[in-house]
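In my numbering, the protein residues as written are 5 to 690.
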């Protein structure tokens with residue numbers, strides 16, 4: 005009785021702890037900050053970005069007003085890799101306190117003087133269409149854009165469409181003249197929290213907007229207290245920056261607060277609003293059609309093969325016909341012959357498993373909302389660490405395959421698995437980093453961060469790959485349903501369309517067609533500094549892509565075996581990677597349309613990044629999709645019904661005996677059961 009009472013108390017205690025923990029947990033994002041009136045709201049700068057040059061820069065790389073002490077925020081791995089350099093600014097903003105106009109630095113009688121070099125630099129950044137990114141309470145600044153959509157004339161007068169542009173433009177050009185936005189009108193929205201009667205009201209920041217303006221020095225009327233008066237919009241002239249001489253100007257700002265009904269948990273909806281949802285659904289439908297098309301081809305092949313073979317085996321009076329062999333049956337003794345370079349093949353397969361697990365978990369967790377953009381750099385940091393920890397699974401599958409392919413040097417194979425793909429990626433990134441270093445961009449990975457990545461690679465990923473490889477190599481190899489002949493069979497001359505390069509190009513069209521619409525939005529988010537948060541659509545497209553790559557590889561292997569070519573190991577791995585070639589072509593097309601009209605050094609830097617991204621995409625599908633295509637092709641043979649249908653006669657040297665349940669079935673029952681058997685075998689492939 006005493007023991008049961010103690011257990012009951014423990015249960016209640018655990019229940020209370022769980023209930024208490026659920027109240028303090030919030031997904032996604034971080035804990036909200038409550039402000040009282042007059043509390044300081046810190047405005048921080050993140051970076052300068054341009055969709056044309058793809059080179060981010062620190063905020064103080066330009067001669068903006070600086071605070072007394074510059075303090076950089078401690079950043080995580082993802083923020084560093086993104087090029088974020090979050091730093092404090094001299095803007096003085098207090099909760100729910102208005103400011104009409106205030107000079108940011110210097111005194112009105114001592115304006116900021118830009119040297120010729122600084123003027124040239126600002127003019128160059130304006131010409132390159134750079135944006136300035138600020139944050140307040142971890143909320144990025146946005147510029148409101150209002151426009152009329154294509155409606156009828158009567159509706160145009162009633163409603164405007166509103167969109168938000170991330171950051172604000174550094175300046176603008178009019179002909180050959182450059183104008184700088186030297187006045188910022190901040191508009192901050194707050195939500196008043198419900199409190200008890202005797203308590204002071206608390207506020208939370210729910211939106212951060214800015215209206216940039218260019219105002220000439222002579223039009224800004226300022227007093228000795230650094231307060232200024234803005235001119236009327238119709239009578240003011242913009243602040244010109246002449247790159248050939250020194251320029252004088254004042255940096256000013258104003259603050260306006262508005263109350264909003266938007267709650268703190270929904271404040272990111274402005275930035276993450278899904279536009280063009282119909283296009284994403286069209287992409288999903290297009291991808292599903294591709295999958296059904298490939299499924300139809302695959303099911304026709306399997307149903308045709310099984311129906312014909314089982315029907316022939318059940319004919320007792322026509323035994324001699326079943327002995328005739330043609331097409332893929334002639335290579336039964338060479339299908340499982342180990343390929344060339346088995347260590348490299350198993351290493352790439354292991355890297356593919358590692359990538360597949362990492363991408364699947366990241367997209368799934370992001371789809372649940374646990375990697376919100378409010379947690380800056382969380383997605384990239386999670387991806388890096390998951391890739392390191394997934395090395396144990398990649399090593400396990402690589403080790404077992406290497407033993408199946410009659411490999412013996414497992415230590416060398418484990419080292420190859422842990423270093424081959426990461427080494428290629430690290431080499432590409434290092435070369436690109438040298439170019440970015442030369443431009444003094446904040447996108448360059450600092451040397452300590454690079455050393456930290458190397459320590460993670462050799463301190464976490466390498467030991468885990470060795471651990472998984474050791475257990476995978478000790479496990480029993482995959483069973484082959486037939487014996488391999490000692491003498492390789494001569495491969496007949498193949499037709500032109502059976503060439504491996506032609507097959508790779510042909511097989512990559514359908515998987516690329518299943519994902520190219522979503523790929524456009526991903527490219528736009530990467531190259532145009534936008535938020536991408538449609539992970540639900542991305543997860544569906546990812547699953548469809550894996551399935552379509554598996555299906556197209558099975559079909560291509562079937563055609564290859566029908567041509568009496570048994571060298572399917574490398575072919576099925578490379579065939580699904582054909583979609584990466586089209587991804588690279590699409591990246592080059594994107595480059596030509598976005599960057600080709602700009603200076604040579606900018607175009608070269610972007611081209612290096614684009615080719616590097618395309619190369620990474622080329623390696624990724626051949627690893628991730630290649631392993632997803634290779635597994636079904638390997639398991640195509642051990643499926644029991646298929647194994648009996650395809651290879652039993654070759655193992656025994658004669659005709660397989662008729663299964664007793666087949667004789668017992670009447671004709672109609674057999675006709676009804678055979679399609680069900682076909683469907684079951686087809687489902688086992690996946």
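Even for Gly, the Cβ is constructed at its ideal location relative to N, Cα and C.
DSSP on residue 171, reduced to helix/strand/coil?
Here the question's residue 171 lines up with position 167 in the chain shown. Of the three classes helix, strand and coil, the one that applies to residue 171 here is coil, per DSSP.
Between which two residues does the beta strand (DSSP E) carrying residue 52 extend?
Here residue 52 is taken as the residue at index 48 of the chain shown, counted from 1. Element bounds for residue 52: 47 to 53.
Quick check: what's the CA-CA separation for residue 730 versus residue 558?
With the chain represented from 5 up to 690, any question about residue 730 goes unanswered, as that position is not in the structure.
By how many angstroms is the C-alpha of residue 362 removed from the C-alpha of residue 354?
Residue 354 sits at position 350 when you count from the first residue of the chain shown. Residue 362 sits at position 358 when you count from the first residue of the chain shown. Going by the C-alpha atoms only, they are around 12 angstroms apart.
What are the boundary residues of the beta strand (DSSP E) that residue 140 is part of?
Residue 140 sits at position 136 when you count from the first residue of the chain shown. Residue 140: member of the beta strand (DSSP E) spanning 135 to 140, first to last residue.
Would you mind sorting residue 83 into buried or exposed? The rule is 16 or more other CB atoms within 10 Å of its CB.
Numbered from its first residue, the chain shown carries residue 83 at position 79. Buried is the call here.
Counting only the same chain and skipping the five closest in sequence on each side, list residues whose C-beta sits under 8 angstroms from that of residue 1.
As displayed, the chain neither begins before 5 nor continues past 690, which places residue 1 out of reach and without an answer.
Can you check whether the CB of residue 340 is closer than 8 angstroms to the CB of residue 521?
Residue mapping note: residue 521 aligns to position 517 of the chain shown, counting from 1. Residue mapping note: residue 340 aligns to position 336 of the chain shown, counting from 1. No, they are not a contact pair.
List the whole-angstrom C-beta distance separating residue 137 from residue 50, where the pair is believed to meet the contact cut-off of C-beta under 8 angstroms.
Counting from 1 along the chain shown, the entry for residue 137 is found at position 133. Counting from 1 along the chain shown, the entry for residue 50 is found at position 46. Yes, they are in contact, since the Cβ atoms of residue 137 and residue 50 sit about 4 angstroms apart, within 8 angstroms.
Are there 16 or more other CB atoms within 10 angstroms of the CB of residue 582, so buried, or fewer, so exposed?
Locating residue 582 in the chain shown gives position 578, counting from the first residue. It is buried - the Cβ of residue 582 has at least 16 other Cβ atoms within 10 Å.
Please state if the CB of residue 212 and the CB of residue 192 are separated by a distance shorter than 8 angstroms.
Numbered from 1 along the chain shown, position 188 holds the residue referred to as residue 192. Numbered from 1 along the chain shown, position 208 holds the residue referred to as residue 212. Against a cut-off of 8 angstroms, the Cβ pair of residue 212 and residue 192 comes out as a contact.
If I'm right that residue 476 touches residue 524 with Cβ under 8 angstroms, what's the distance once you round it to whole angstroms?
In the chain shown, the residue the question calls residue 476 occupies position 472. In the chain shown, the residue the question calls residue 524 occupies position 520. Rounded, the Cβ-Cβ distance is 39 angstroms, inconsistent with contact.
Is there at least one non-hydrogen atom of the ligand GTP closer than 7 angstroms to the beta-carbon of residue 272?
Although the ligand GTP was asked about, the structure shown includes no ligands whatsoever.
Flag this pair as touching only if the stretch 52 to 70 and the stretch 122 to 139 have three or more C-beta atom pairs under 8 angstroms; answer yes or no.
yes
Please state whether the Cβ-Cβ distance between residue 184 and residue 115 is less than 8 angstroms.
Against the chain shown, residue 184 aligns to sequence position 180. Against the chain shown, residue 115 aligns to sequence position 111. No, these two residues do not count as a Cβ contact at 8 angstroms.
CB-CB under 7 angstroms to residue 667, same chain, minus the five flanking residues each way: which ones, in chain order?
Here the question's residue 667 lines up with position 663 in the chain shown. Any reading at residue 667 needs caution, since the residue's pLDDT is 35, under 50, leaving its predicted position unreliable; the model's value is listed next. So no residue of the chain qualifies.
Buried or exposed, going by whether 16 or more other CB atoms sit within 10 Å of the CB of residue 531?
As a first step, residue 531 is located in the chain shown; it is residue number 527 there, counting from the start. Residue burial annotation: residue 531 is buried, with at least 16 other C-beta atoms found within 10 angstroms of its C-beta.
Is it true that the stretch 99 to 111 meets the stretch 257 to 264, where meeting means three or more beta-carbon pairs spaced less than 8 angstroms apart?
yes
In terms of residue numbering, what span does the beta strand (DSSP E) encompassing residue 251 cover?
Residue numbering aside, residue 251 sits at position 247 when the chain shown is read from its first letter. It spans 251 to 253 - the beta strand (DSSP E) in which residue 251 sits, taken as one unbroken run.
Let me check one thing: in DSSP terms, what residues is residue 511 bridge-paired to?
In the chain shown, counting from the first residue as 1, residue 511 sits at position 507. For residue 511, DSSP assigns no beta-bridge partner whatsoever.
Residue 69 lies in the alpha helix (DSSP H); which residues open and close that run?
For this step, residue 69 is matched to residue 65 along the chain shown. Unbroken run through residue 69: none, as it is neither H nor E.
For the alpha helix (DSSP H) that contains residue 57, what are its first and last residues?
The residue labelled residue 57 in the question sits at position 53 within the chain shown. Here residue 57 belongs to no alpha helix (DSSP H), and DSSP marks it neither H nor E.
Grab me the residues of residue 98's own chain with a C-beta within less than 7 angstroms of its C-beta, minus the 5 sequence neighbours each way, in chain order.
In the chain shown, residue 98 corresponds to position 94, counting from 1. Once the five neighbours on either side are set aside, the close Cβ partners of residue 98 are 42, 43, 44 and 45.
Is it true that the CB of residue 338 sits closer than 8 angstroms to the CB of residue 489?
Counted from its first residue, the chain shown places residue 489 at position 485. Counted from its first residue, the chain shown places residue 338 at position 334. The answer is yes: Cβ separation under 8 angstroms.
If you draw a straight line from the alpha carbon of residue 696 to that of residue 179, how long is it in whole angstroms?
Because the chain here runs from 5 to 690, residue 696 falls outside it and cannot be looked at.
What is the C-beta distance between residue 548 and residue 295, in whole angstroms, given that I count them as a contact (C-beta under 8 angstroms)?
Start at 1 with the first residue of the chain shown, and residue 548 comes out as number 544. Start at 1 with the first residue of the chain shown, and residue 295 comes out as number 291. Residue 548 to residue 295, Cβ: 6 angstroms. Contact.
Quick one: Cα of residue 499 to Cα of residue 510, how far?
Along the chain shown, read from residue 1 onward, the residue named residue 499 stands at position 495. Along the chain shown, read from residue 1 onward, the residue named residue 510 stands at position 506. About 15 angstroms.
So for residue 230, helix, strand or coil by DSSP?
Within the chain shown, the letter at position 226 stands for residue 230. Coil, per DSSP.
Ordered along the chain, which non-local residues of its own chain (more than five positions away) have a Cβ less than 7 angstroms from that of residue 407?
Along the chain shown, read from residue 1 onward, the residue named residue 407 stands at position 403. So the qualifying residues of the chain are 477 and 481.
Tell me the residue span of the beta strand (DSSP E) that contains residue 452.
The residue given as residue 452 occupies position 448 in the chain shown. Note, residue 452: premise wrong, no beta strand (DSSP E); alpha helix (DSSP H) at 451 to 460.
Which whole-angstrom value describes the C-beta separation of residue 376 and residue 417, a residue pair presumed to lie in contact below a C-beta threshold of 8 angstroms?
On the chain shown, residue 376 is found 372 positions in, with the first residue counted as 1. On the chain shown, residue 417 is found 413 positions in, with the first residue counted as 1. Incorrect: roughly 40 angstroms between the Cβ atoms, too far for contact.
Does DSSP put residue 571 in a helix, in a strand, or in coil?
Looking up residue 571 in the chain shown gives position 567. Three-state DSSP puts residue 571 in coil, outside helix and strand.
Is the number of C-beta pairs between the stretch 380 to 400 and the stretch 74 to 88 that are closer than 8 angstroms three or more?
yes
Between residue 486 and chain B, is the shortest Cβ-Cβ distance under 8 angstroms, so that the two count as touching?
You won't find chain B in this structure, because it holds only one protein chain.
Residue 560 and residue 579 - do their beta-carbons sit closer together than 8 angstroms?
Residue mapping note: residue 579 aligns to position 575 of the chain shown, counting from 1. Residue mapping note: residue 560 aligns to position 556 of the chain shown, counting from 1. Closer than 8 angstroms, so yes.
Write down every uninterrupted run of the beta strand (DSSP E) in the stretch 98 to 135 whose length is 3 residues or greater and which is fully enclosed by it, in chain order.
103 to 107 and 116 to 118
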